[in-house]
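Everything on this sheet refers to the single structure shown next.
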Amino acid sequence: MRESSMPGRILVVDDDARVADVLTALLQIAGYEVEVATTLAAARSALPRADLMILDLVLPDGSALDFCRQVRATPELARLPIIVLSGHGTPSDRTRGLEAGADDYVAKPFDGEELLQRVHTLLHTRRIEAELRERTRQLSALRHLTTILVNTVEVSEVAQRVANAVPEVFGADSGILGGVLCALDEAQRELTFFGMTDIPILREATAHLDQPARLFQARCDPPENLLGQVARDGLAREAVHLADFISPPASPTAAEQIERHLGMRGGVAMPVRAQGKRTGVFLFLSTRPPTALEPAERELMRDFVDTIGIALENVRLYAEAAHLMITDSLTGVANRRRFDQVLEEEISRARRLDYPVGLLLIDIDRFKEYNDRHGHQAGDRILQAVAQALRTSVRRTDLIARYGGEEFTAILPGTPVAGLRAVGEKLRQAVRAVRLNDLPEIAGVTVSIGGAAGTPPDLSADALVRAADMAQYLAKRAGGDRVHVVDTSPRP
1478 MRESSMPGRI
1488 LVVDDDARVA
1498 DVLTALLQIA
1508 GYEVEVATTL
1518 AAARSALPRA
1528 DLMILDLVLP
1538 DGSALDFCRQ
1548 VRATPELARL
1558 PIIVLSGHGT
1568 PSDRTRGLEA
1578 GADDYVAKPF
1588 DGEELLQRVH
1598 TLLHTRRIEA
1608 ELRERTRQLS
1618 ALRHLTTILV
1628 NTVEVSEVAQ
1638 RVANAVPEVF
1648 GADSGILGGV
1658 LCALDEAQRE
1668 LTFFGMTDIP
1678 ILREATAHLD
1688 QPARLFQARC
1698 DPPENLLGQV
1708 ARDGLAREAV
1718 HLADFISPPA
1728 SPTAAEQIER
1738 HLGMRGGVAM
1748 PVRAQGKRTG
1758 VFLFLSTRPP
1768 TALEPAEREL
1778 MRDFVDTIGI
1788 ALENVRLYAE
1798 AAHLMITDSL
1808 TGVANRRRFD
1818 QVLEEEISRA
1828 RRLDYPVGLL
1838 LIDIDRFKEY
1848 NDRHGHQAGD
1858 RILQAVAQAL
1868 RTSVRRTDLI
1878 ARYGGEEFTA
1888 ILPGTPVAGL
1898 RAVGEKLRQA
1908 VRAVRLNDLP
1918 EIAGVTVSIG
1928 GAAGTPPDLS
1938 ADALVRAADM
1948 AQYLAKRAGG
1958 DRVHVVDTSP
1968 RP
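Residue numbers (the working numbering): 1478 to 1969.
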């Protein structure tokens, strides 16, 4: 919590005009704002504006001690510092005042310097307590965010949850509007948009961009802007103007319009790290200039981006583990488990959308001979080379998988039997072109390909696999190095 530029606002509740004037002059000279109430009724309406109340023990319209108890029983006023002022100064008055909830007791006539010291001490204590409560709330929000992120395994979801947590973690009165998370592509040395705090004012502001925010890219080597510098050097950067962070990919005009829309007066960009490696940059957008940020706020920013790094690393490890579960360790293509899963999914989708599904079974001819003649390591090299040739010869929507041993499969969504033979021939030629530079004696590897395609409503995984297997058997029996396809669709 930031301290106000003024020491605070004091509510003086006293029906004696001379005392009220003395207190007002004393407090104003010390830099305090002062509001005077001569009755308890007037004091009630002024309390929400006060940082501290000096309350006379004797007032014309009720009991000051009862009023003190009422203030303490009001949740939003329970922590308001109260100094009771009394003309009696007896021990019993002091005891009753403190028991009613006052923080301090001063007898009339009072010493001005002593009273000011007590006011200063109570206000300072109140601010320290408020800062501790706010820090506790921030840390609680950060822990809550960490708990959520640990259980989130989708990268895009992690990015959005992180960006959306900014207002909750920093608080509504912090001036931190929200943030933008950019991911770092080390290979391309490029930053790309990853997630942005989803609040109305930010959504409206990004409408000023020349293109959608999701298409934002910035070079890091050499850096085009401050975001690129942070990604390259790993050092936090700050600036007053948004254009310093996002231009030239986003025009300075667009940046200025966004800045005005948000009431933005500065930003801080910090590197996001995972296991010591830079993985992105987080840009905090603020309605205050960076010079107004306090050390505690900067520390919270660092804690926040550290949380992002941990979350992204967890997602990466989960993705690696998930990938290993569905990937053939030798060839890098999908394994049998993934094949079975995808075939069922594609057939289910085909039934809903009414399109054909094609399947190819691909068996390496005379593979046992290669193993016997050149050894199993050479056989492994052939499997890897064939897998690579197959994978680079199909569409991104198709799936190449290792079915078992020297046999591969290709799932071809939307491919009818008429197009299946052409795909099969393309794959057969791709395999024939395989060459192993360190094993020149192995050349002209061939495959026998059996294909089947079907359409709803009678399409099934078992029927498709059986038909493709039979087609492959016919290709093998005909001498290999050929493609044979069948249509499993029901005849009209």
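Beta carbons: idealized from backbone N, C-alpha and C, even for Gly.
Since the structure is predicted, the reported quantities are computational estimates derived from the model, not experimental observations.
Who are the Cβ neighbours of residue i in its own chain at under 7 Å, not counting the five residues just before and after it?
i: Ala-1476; result: Given a span of 1478 to 1969 for the chain in the structure shown, any question on residue 1476 remains unanswerable.
i: Val-1511; result: Ile-1487, Val-1489, Thr-1501, Leu-1504 and Gln-1505
i: Gly-1957; result: Asp-1842, Thr-1923 and Ser-1925
i: Ala-1945; result: Leu-1836, Leu-1837, Leu-1838, Gly-1927, Gly-1928 and Ala-1929
i: Arg-2004; result: Outside the shown range of the chain (1478 to 1969) lies residue 2004, about which nothing can therefore be said.
i: Arg-1815; result: Ile-1803 and Ala-1878
Helix, strand or coil for residue i, going by three-state DSSP, please let me know.
i: Thr-1869; result: coil
i: Asp-1491; result: coil
i: Ile-1531; result: strand
i: Pro-1644; result: helix
i: Thr-1683; result: helix
i: Ala-2055; result: With the chain covering only 1478 through 1969, there is no way to say anything about residue 2055.
i: Ile-1676; result: coil
i: Pro-1568; result: helix
i: Val-1511; result: strand
i: Arg-1765; result: coil
i: Pro-1934; result: coil
i: Gly-1956; result: coil
i: Pro-1699; result: coil
i: Val-1834; result: strand
i: Pro-1552; result: helix
i: Lys-1772; result: Note on residue identity: the sequence assigns Pro, not Lys, to residue 1772. Helix.
Identify the continuous alpha helix (DSSP H) that holds residue i and give its terminal residues.
i: Arg-1898; result: 1894-1909
i: Ile-1735; result: 1729-1739
i: Ala-1827; result: 1813-1830
i: Ala-1519; result: 1517-1523
i: Gly-1931; result: Careful: Gly-1931 lies outside any alpha helix (DSSP H), inside the beta strand (DSSP E) at 1924-1931.
i: Val-1707; result: 1703-1710
Going by beta-carbon coordinates alone, are residue i and residue j separated by less than 7 Å?
i: Gln-1949; j: Asp-1805; result: no
i: Leu-1739; j: Phe-1722; result: no
i: Val-1924; j: Arg-1905; result: yes
i: Leu-1536; j: Asp-1492; result: yes
i: Arg-1765; j: Arg-1737; result: no
i: Ser-1563; j: Leu-1593; result: no
i: Val-1960; j: Glu-1884; result: no
i: Arg-1556; j: Gly-1578; result: no
i: Pro-1767; j: Val-1758; result: no
i: Asp-1498; j: Thr-1516; result: no
i: Pro-1833; j: Thr-1932; result: yes
i: Phe-1761; j: Gly-1656; result: yes
i: Leu-1554; j: Leu-1600; result: no
i: Cys-1697; j: Ala-1713; result: no
i: Ile-1560; j: Ile-1605; result: no
i: Pro-1890; j: Glu-1823; result: yes
i: Ser-1728; j: Asp-1675; result: no
i: Ala-1938; j: Glu-1821; result: yes
How far does the beta strand (DSSP E) with residue i in it extend, from its first residue to its last?
i: Cys-1659; result: 1653-1662
i: Tyr-1582; result: 1581-1584
i: Asp-1964; result: 1959-1964
i: Leu-1668; result: 1667-1673
i: Gln-1694; result: 1694-1696
i: Val-1561; result: 1559-1563
Suppose the cutoff is 8 Å on Cβ atoms and the five residues either side in sequence are ignored; what does the same chain contact list for residue i look like?
i: Arg-1573; result: Leu-1542
i: Tyr-1509; result: Met-1483, Pro-1484, Gly-1485, Arg-1486, Ile-1487 and Val-1596
i: Leu-1867; result: Val-1810, Ile-1839, Ile-1877, Phe-1885, Ala-1887, Leu-1904, Ala-1907 and Val-1908
7 Å is my cut-off, CB to CB: does residue i come that close to chain D?
i: Val-1513; result: The chain labelled as chain D is not found in the depicted structure, where only one protein chain is given.
List the DSSP bridge partners of residue i.
i: Pro-1748; result: Val-1758
i: Leu-1801; result: DSSP, once it has assigned bridges, lists no residue as partnering Leu-1801.
i: Phe-1885; result: Ile-1839 and Arg-1879
i: Glu-1846; result: None; Glu-1846 has no bridge partner.
i: Ser-1540; result: Val-1535
i: Arg-1912; result: Ala-1920
i: Gly-1743; result: Ser-1763
i: Arg-1486; result: Glu-1510
Short of 6 Å in beta carbon distance, which residues of its chain neighbour residue i, apart from the five on each side in sequence? Order them along the chain.
i: Thr-1669; result: Ala-1660 and Gln-1694
i: Arg-1603; result: Pro-1558
i: Gly-1672; result: Ala-1636, Gln-1637, Ala-1640 and Leu-1658
i: Gln-1734; result: His-1685
i: Phe-1844; result: Glu-1883
Let me check you understand the geometry: is the CB of residue i closer than 6 Å to at least one non-hydrogen atom of the ligand SAM?
i: Val-1911; result: The ligand SAM is not part of this structure, which contains no ligands at all.
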